[in-house]
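Working notes, beginning with the structure itself.
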Amino acid sequence: MAAHGKNRPSRCRLSRLVPLICLCGFLLLGLLLVVIRPRPNLVALGNPRESGTLVIFENKDTQHPQEEEEEEEEEEEELASSYYPDESLAFNKTPSLPPQSGLSRKLERKNFLPPRNTDLFPKLAKNHIKIVLYVHNRPQYLRIVVDSLSKVEGINETLLIVSHDGYFEEMNKIVEGIRFCQVKQIFAPYSPHLFSKSFPGVSPGDCKDKDDPAVKKCKGKADQYGNHRSPRIVSLKHHWWWMMNWVWDGMKETRRHTGHILFIEEDHFILPNAYRNIQILSSLKQNKCAYCYAANLAPSDVTYKGEETENLIAEKIGNIGYTFNRTVWRKIHSRAREFCAFDDYNWDITMWATVYPSFGTPVYTLRGPRRSAAHFGKCGLHQGTNKGNPCFDNGQATPDIQELDKVPNIKSEWSVITYAQQGGYQAGFKGWGGWADDRDLRLCLDLASIYHIRAFSSNLTKQNF
């Protein structure tokens with residue numbers, strides 16, 4: 001009995017070890033299975049610590065985007081008429097984005113690729129101002145703009161982001177040929193140009209022109225002039241709004257950027273001193289013009305070359321070569337309802353007529369007395385187009401470059417002249433229409449929500465303009 005009693009503790013200890021040994025064995029087996037299992041090439045999109053989400057796509061070899069149109073058209077037929085939002089149009093609810101086409105998804109994945117040319121330009125300058133060039137489908141213009149950018153002093157110090165409204169092979173090739181700086185391409189995933197048979201493109205049963213929904217049995221809400229939505233028209237405002245939200249709040253390279261970002265278009269000729277001048281203006285703005293929200297490379301009057309005096313100018317914000325920081329973006333973003341509800345397909349007129357006036361005080365920009373960027377060409381939204389084909393002209397309206405345009409020509413000791421009387425579109429203008437369909441308004445508000453980072457933005461409310 002004594003011997004038996006001595007053995008009992010040893011057997012108890014052994015019985016307790018058995019489950020632990022089994023558990024370790026299962027864990028080891030699971031680890032071996034994970035190690036030897038073939039893994040697909042995965043790309044992680046987003047940072048869970050920063051945005052709260054982690055999206056993973058399998059990185060498969062895919063065909064060229066334009067080679068899959070037939071598959072996408074079949075898919076879009078299934079998606080058609082599936083995006084009809086509620087009428088509340090409330091901001092910051094859970095987004096209810098329209099189903100994406102295959103092409104839309106493929107292009108959106110490209111938005112997470114790193115910048116190119118980092119082998120040539122491994123580091124960005126400490127005080128660099130990022131540049132966003134937004135484009136549609138005017139390759140003859142884009143070539144001129146890219147060539148002008150290649151001659152800009154300091155361009156190799158910064159990151160050029162090219163935002164595409166739709167996918168057009170010739171435009172893509174031009175951007176892929178850039179070798180003078182770091183460059184990153186992004187594609188608006190909800191561009192109407194990526195959806196041939198569903199919203200945001202044309203959906204089956206959509207009303208057109210001045211159709212009466214009751215008579216035609218079609219769907220849609222007409223604008224204040226009785227016209228129904230045109231995807232080609234509304235893409236202007238959708239692209240600009242998506243680009244701003246993605247660049248400031250979504251894209252890895254910029255979503256923590258607190259400095260200024262410069263925005264230009266595919267018909268803006270950039271003079272050699274533009275980058276150095278915008279750096280100077282941005283640094284002077286806080287002390288020289290505390291009431292200035294932005295800095296501009298050109299006068300708000302696109303036909304005006306400047307005063308040619310030794311003064312800085314504070315005037316209405318223009319749409320050529322404008323730059324602002326995150327504090328201003330937060331103010332703009334907070335007016336998402338006003339921006340999305342205003343019945344005008346132009347983003348800039350919407351800003352002038354409803355967003356800026358809602359700030360409560362006059363909104364000024366700081367610029368030099370001589371332009372460093374210029375609008376050129378004749379191909380706008382309405383000129384020279386034929387059934388959706390690109391406009392063609394030779395772009396010979398580009399400005400002559402003089403010696404004064406090759407060096408920084410803004411002095412910190414200059415005083416500021418303020419143009420208190422601001423012309424052009426202002427509060428009270430009712431808009432040109434083209435933007436009244438509930439689906440466009442809902443998509444606009446959804447785009448304001450999907451990338452928004454509340455925790456970060458709340459820490460910047462006291463930052464200066």
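As numbered in the UniProt record's numbering, residues 1 to 465 make up the sequence shown, in order.
Backbone N, C-alpha and C fix where the C-beta goes; we use that ideal spot for every residue, glycine too.
Item, Value
"Under the three-state DSSP convention, the category A274 falls into", "helix"
"7 Å Cβ cutoff met for S372 and A274", "yes"
"Supposed contact pair Y134 and H260 - C-beta distance, whole angstroms, cut 8 Å", "Their Cβ separation, rounded to whole angstroms, is 17 Å, which puts H260 and Y134 out of contact at 8 Å."
"Start and end residues, alpha helix (DSSP H) containing E176", "E169 to E176"
"Through-space distance from A374 to I174, alpha-carbon basis", "21 Å"
"The alpha helix (DSSP H) enclosing T327, as first and last residue numbers", "R326 to H333"
"Given V247 as reference, the closest of P200, P213, Q286 and R330 once Cα atoms are compared", "R330"
"Proximal residues to D212 (C-beta, below 8 Å), its chain only, five neighbours per side dropped", "none"
"Pairwise C-alpha distance: V146 and V152", "10 Å"
"Cβ shell of P362 (< 8 Å), same chain only, five flanking positions each side left out", "Y291, A420 and Q422"
"Counted within 10 angstroms of its Cβ, other Cβ atoms place V215 as buried (16 or more) or exposed", "exposed"
"V146, enclosing alpha helix (DSSP H) - first and last residue", "P139 to S150"
"Buried/exposed call for I270, threshold 16 Cβ in 10 Å", "buried"
"Simplified DSSP state of residue 521, which is helix, strand or coil", "Nothing in the structure corresponds to residue 521, since the chain is present only between 1 and 465."
"I161 - containing beta strand (DSSP E), residue span", "L159 to H164"
"C-alpha distance - G154 paired with L443, whole-angstrom precision", "38 Å"
"In DSSP terms, what I264 is bridged to", "L133"
"Spatial neighbours of P408 in its chain, beta-carbon cut-off 7 Å, leaving aside the 5 residues before and after", "N273, R276, N277 and I280"
"Neighbour flag for I270 against chain D, beta carbons, 7 Å", "The structure shown has no chain D; it contains just one protein chain."
"Close beta carbons around D446, own chain, < 6 Å, minus the five adjacent residues each side", "P95 and L97"
"At least 3 beta-carbon pairs within less than 8 Å: the region 195-206 vs the region 162-170", "no"
"Paired residues, beta bridge with I417 - DSSP", "I313"
"First through last residue of the beta strand (DSSP E) which encompasses I186", "Q182 to F187"
"Assigned secondary structure, A374 (DSSP; H/G/I helix, E/B strand, else coil)", "strand"
"Distance CB(A298)-CB(P357) smaller than 7 Å", "no"
"Inter-residue spacing [alpha-carbon to alpha-carbon] between A336 and E403", "43 Å"
"Boundaries (first-last residue) of the beta strand (DSSP E) holding L366", "Y364 to R367"
"Spatial distance of N172 from S300 (CA atoms)", "30 Å"
"As assigned by DSSP and simplified to three states, the class of F465", "coil"
"According to DSSP, residues forming a beta bridge with T323", "L262 and A295"
"Endpoints, alpha helix (DSSP H) assigned at D440", "D438 to L447"
"Whole-angstrom distance between R256 and K462, CA atom to CA atom", "Bear in mind that a pLDDT of 46 at K462, under 50, signals an unreliable position, so the number given afterwards is only what the model happens to contain. Looking at the two C-alpha atoms, the distance is approximately 16 Å."
"P231 and P192 closer than 7 Å at C-beta", "yes"
"Any 3 or more C-beta pairs closer than 8 Å across the region 301-316 and the region 220-230", "no"
"Simplified DSSP state of G250, which is helix, strand or coil", "helix"
"Cβ-based neighbour list, R116, same chain, cut-off 6 Å, excluding 5 preceding and 5 following", "V183"
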